[in-house]
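To keep things clear, I will list the structure first and then write my remarks on it.
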Amino acid sequence: MEHRAGYRLTVPTDALGELIDAVHELAVGPPVPTWRTGNVTYLGRPRVCDRPVPATDRPGHAVAAIALTQRNCPTVDVVFAITEAVAYAEFFCRSRRGAKSPDLVRLRGLVSTTAAALTARGIPATADPIPDR
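In our numbering, the protein residues as written are 39 to 171.
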């Protein structure tokens, strides 16, 4: 069964640039374990690819979209948007391995490390799960 997870990372409107930069920096940061064969763990970095900005029912105005792809891992789609009150990034991933799969753990890790990095820079950031639509 396919499991879909989504998270919204929210920052003040004037921090949209820092939000985009933080996602890029952390997504292509140090190599992470991506798959294992026997006792050998392979390391890899995600690739960041620009995506067309989707027309959606989200509040505000979507300004950018990227896809984070990595060998043997599902793609994480990230949509950046801005409203009059806040800027945010929505992270989405689908996994056939269930809610506790390494793929979704990696997604939650990206969201939480991005929020922590922004907070360390003095930018208030909150991450919340997005219910399935």
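By construction, the Cβ of each residue, glycine as well, lies at the ideal position given by its N, Cα and C atoms.
### Message
Given a cut-off of 9 Å on the beta-carbon distance, is the pair F118 and L156 in contact?
### Response
Locating residue 118 in the sequence shown gives position 80, where the first residue counts as 1. Locating residue 156 in the sequence shown gives position 118, where the first residue counts as 1. It is not a contact, given that the beta carbons lie outside the stated cut-off.
### Task
May I have the straight-line CA-CA distance separating R144 from E122, to the nearest angstrom?
On the sequence shown, position 106 is the one that residue 144 refers to. On the sequence shown, position 84 is the one that residue 122 refers to. If you take the alpha carbons of R144 and E122, they lie about 31 Å apart.
### Task
Please check the pair A100 and P92, which I expect to be a contact at CB under 8 Å, by giving their CB distance rounded to whole angstroms.
Within the sequence shown, the letter at position 62 stands for residue 100. Within the sequence shown, the letter at position 54 stands for residue 92. Right, their Cβ atoms sit about 6 Å apart.
### I131 versus D166 - alpha carbon distance
Your numbering for residue 131 matches position 93 in the sequence shown. Your numbering for residue 166 matches position 128 in the sequence shown. Checking the displayed sequence, the identity of residue 131 turns out to be Cys instead of Ile. When rounded, the distance between both Cα atoms is 15 Å.
### Query
For I58, does the three-state DSSP call read helix, strand or coil?
For the purposes of this step, residue 58 is identified with residue 20 of the sequence shown, where counting begins at 1. Here I58 sits in helix by DSSP.
### Task
Check whether the Cβ atoms of T151 and L64 lie closer than 9 Å to each other.
Mapped onto the sequence shown, residue 151 falls at position 113. Mapped onto the sequence shown, residue 64 falls at position 26. Result yes, Cβ atoms of T151 and L64 sit closer than 9 Å.
### Distance, C87 Cα to D59 Cα
In the sequence shown, residue 59 corresponds to position 21, counting from 1. In the sequence shown, residue 87 corresponds to position 49, counting from 1. Roughly 14 Å separates the two Cα atoms.
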